[in-house]
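Residues -24 to -1, 1 to 373 in mature numbering (1 follows the signal peptide of the UniProt record, and there is no 0) are what the sequence shown lists, from first letter to last. Beta carbons: idealized from backbone N, C-alpha and C, even for Gly. Predicted, not measured: the structure shown is a model, and the values here were computed from it. These notes concern the structure reproduced below.
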Amino acid sequence: MKKKLLAGTLVLSALMFAGCNSEADQSSGNGEEDGTSEEDLLAEEAELEVATEPIRINPDIDDETEIYSEGPQGETAESAHSLELGVEEAEEISEGEYTAAISMHYAGNDWARAQVNGLQETFAKMGIEVIAVTDGQFSVEKQASDIETLLARDPDILVSIPVDPVSSANAYRNAVDAGVELVFMDNVPEGFSPGEDYVSVVSADNYGNGVAAAHSMAEEIGEEGEIGVIYHDADFFVTGQRVEGFETTIKEEYPNIEIVERDGIAEPEDGEEVASGMFTRNSNLDGLFVVWDVPAEGALSASRTAGLDELVVTTIDLGSGVALDMARDQNIKGLGAQLPYDQGVAEAILAGYALLDKEAPPYVAVPALEVTRENLLESWELVYNEEAPSEIQESME
């Protein structure tokens, strides 16, 4: 039986705690501050096409890349390359006429767009109808309202990333009590156990991306000099792993590089102000690591205001803004990139495991990707499953 795939609205905006940048205008994700309207839950229809070949992540992603990260509860990472659903398994799932919902903590950027695309397209290969995609807008209250609305639609699967692992826990507990199969992105609510309360959690190798950014930094500054670090001053698991990976690699492998400045951001838009303060205190920095690409763009603006044209900047996430800076051979010299499209693929596969009562690993990681100008265009295709925008391509010429 052929069904329709109902995709939720994605509102493109400018920032994300764990994701990439966007060039779109900022606007509301769901139209109502205290709830999710029916119109915003449902968007364009697309035909479901059940898989005719095994479902797995992109084989072009290096399957020999070491994964450094541990899970939110210290779990050993299982590579996303190990996940697979066969054609017969996909057909069996399709016969169940299952539905899925996606609750994002924020839906307005490249990272979210790619992850949701990966989820939707992979669910389509299993005949699973996506009934809604919601945008929590970084608000615990908004996301709790979204989840309540989603549960009223009785989905079989909920894929989500909590705005806050503590404050969001009650909303997800309601989903567990309703018998919904939960798959998490990046982090899990406090007090939840894999195999009991949720299927699995999927993340990028954030520690590994920090390692990649450290090696890029060291190479660009000749393995010596003074650098600064802008970290995320919040209890957010994945961003903490990035900074730990970067700083540990610098300290253990590059003894002639000294971290002389450290300061934190509470919000993504704080990058310019925090970087400006660093440059006022120390105008001789050779390099700066910023925890993800959105505050890195603010730091780039501050560096140009301060006249630090030679400052080497590395970060995490291949957003369009930092990619354009790299293509123009300016300050961004290297970064560690998440692979959000394939993270979405992995999450959908794990949901399929749950529907088949197939044992799932508690923590799955998608390998890190080191990006430099030399591999920028091919990296964009790996990250987003599409060609780089024309402006980025033209800037490489």
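ALA76: which of PRO141, GLY47, VAL159 and VAL26 sits nearest, CA to CA? Comparing Cα-Cα distances from ALA76 to each of PRO141, GLY47, VAL159 and VAL26, the minimum goes to VAL159.
Rounded to whole angstroms, what's the CA-CA distance from VAL63 to ASP130? Just pull it up for me. In a straight line, the C-alpha of VAL63 is about 27 Å away from that of ASP130.
Alpha carbon to alpha carbon, how far is GLU220 from GLU237? Their Cα atoms are separated by approximately 15 Å.
Can you look up MET372 in the DSSP assignment and give me helix, strand or coil? Coil, per DSSP.
Distance between ARG257 and PHE179 (C-alpha atoms, nearest Å): Note on identity: in this sequence residue 179 is Ser, with Phe being the wrong assignment. Spanning the alpha carbons of SER179 and ARG257 requires a straight line of approximately 36 Å.
Grouping DSSP H, G and I as helix and E and B as strand, with all else coil, what is MET102? Three-state DSSP puts MET102 in coil, outside helix and strand.
Assuming VAL298 and ASP269 form a contact by the criterion Cβ under 8 Å, report the distance between their Cβ atoms to the nearest whole angstrom. VAL298 to ASP269, Cβ: 4 Å. Contact.
GLU172 and ASP132 closer than 8 Å at C-beta: For GLU172 and ASP132, no; Cβs fall outside 8 Å.
Apart from the five residues on each side of it in sequence, which residues of its chain come closer than 7 Å, Cβ to Cβ, to ASP301? Setting aside the 5 residues that flank it on each side, ASP301 is surrounded in the same chain by LEU276, ASN307 and ILE308, each with a C-beta closer than 7 Å to its C-beta; the list follows chain order.
Residue nearest to GLY328 in terms of C-alpha spacing, selected from PRO35, GLU51 and GLU105: The shortest CA-to-CA distance from GLY328 to any of PRO35, GLU51 and GLU105 is the one to GLU105.
Please report how far the alpha carbon of VAL139 lies from the alpha carbon of SER58, in whole angstroms. Note on geometry: alpha-carbon atoms of VAL139 and SER58 lie some 28 Å from one another.
Determine the DSSP secondary structure at THR110, reduced to helix, strand or coil. It is a strand residue.
Would you identify the three-state DSSP class for ASP162, choosing helix, strand or coil? ASP162 falls in the coil class under three-state DSSP.
Selection from GLY320, LEU353 and TRP356 that minimises the alpha carbon distance to ARG32: For ARG32, the nearest C-alpha among the options comes from GLY320.
Let's test the definition: count the other Cβ atoms within 10 Å of the Cβ of GLN49 and tell me whether it reaches 16, buried, or not, exposed. A residue is called buried when at least 16 other Cβ atoms come within 10 angstroms of its Cβ; GLN49 does not meet this threshold and is exposed.
What is the DSSP secondary structure of PRO337, counted as helix, strand or coil? DSSP places PRO337 in coil when its eight states are reduced to three.
Between ALA90 and PRO316, which are expected to be in contact by the criterion C-beta below 8 Å, what is the C-beta distance as a whole number of angstroms? Indeed they touch by this definition, with Cβ atoms about 4 Å apart.
Would you tell me roughly how many angstroms separate the C-alpha atoms of ALA147 and SER192, rounded to the nearest one? Going from the Cα of ALA147 to the Cα of SER192 covers about 41 Å.
Between the beta-carbon of SER144 and the beta-carbon of VAL177, is there less than 8 Å? Contact: no.
Just checking, does the stretch 218 to 232 make contact with the stretch 193 to 204 on the three C-beta pairs under 8 Å criterion? Touching, yes, given that three or more Cβ pairs across the two stretches are closer than 8 Å.
Looking only at C-alpha atoms, which of GLY184, ILE197 and GLU245 sits nearest to GLY274? Taking only the C-alpha atoms, the option nearest GLY274 is GLU245.
Determine the contact status of ALA303 and SER355, defining contact as a CB-CB distance below 8 Å. No. Outside cutoff.
Do ALA83 and VAL109 come within 8 Å of each other at the CB atom, strictly closer than that value? The Cβ atoms of VAL109 and ALA83 sit closer than 8 Å to each other.
Are THR98 and ALA324 close, meaning C-beta to C-beta below 8 Å? If you check the CB distance, THR98 and ALA324 come in under 8 Å.
Considering Cα atoms alone, identify which of GLU243, LEU345 and THR225 is closest to GLN113. When each option's Cα is compared against that of GLN113, the closest is GLU243.
Best match in GLY283, THR52 and LEU127 for proximity to SER259 [C-alpha to C-alpha]: Checking every option, the nearest Cα to that of SER259 belongs to GLY283.
Between VAL187 and TYR44, how many whole angstroms is the CB-CB distance? I'm expecting something under 8 Å. Indeed they touch by this definition, with Cβ atoms about 6 Å apart.
Proximity test, Cβ basis, 8 Å: ILE69 and chain B: Here there is only one protein chain, and chain B is not present.
To the nearest angstrom, report how far apart VAL267 and GLY184 are at their CA atoms. Cα to Cα, VAL267 sits roughly 13 Å from GLY184.
Closer than 8 Å by C-beta to SER70: which residues in its own chain qualify, once you throw out the five before and the five after it? Chain order, please. Contacts found: LEU24, VAL26, MET102, GLY103 and ILE104.
Check each candidate in SER371, LEU345 and HIS208 and name the one with the smallest Cα separation from TYR360. Comparing Cα-Cα distances from TYR360 to each of SER371, LEU345 and HIS208, the minimum goes to LEU345.
Under 8 Å, do GLU350 and GLU357 count as touching if we go by C-beta distance? For GLU350 and GLU357, no; Cβs fall outside 8 Å.
Contiguous beta strand (DSSP E) assignments of at least 3 residues, all confined to the stretch 212 to 263: Listed in chain order, the complete beta strand (DSSP E) runs (minimum 3 residues) inside the stretch 212 to 263 are 233 to 241.
Three-state class that DSSP yields for LEU61 in the structure shown: Reduced to three states, the DSSP call for LEU61 is strand.
Indicate the three-state DSSP secondary structure (helix, strand or coil) for VAL33 in the structure shown. Looking at the sequence shown, residue 33 is not Val but Ile. DSSP places ILE33 in coil when its eight states are reduced to three.
Going by the beta-carbon positions, is the gap between VAL340 and ALA56 smaller than 8 Å? The answer is yes: Cβ separation under 8 Å.
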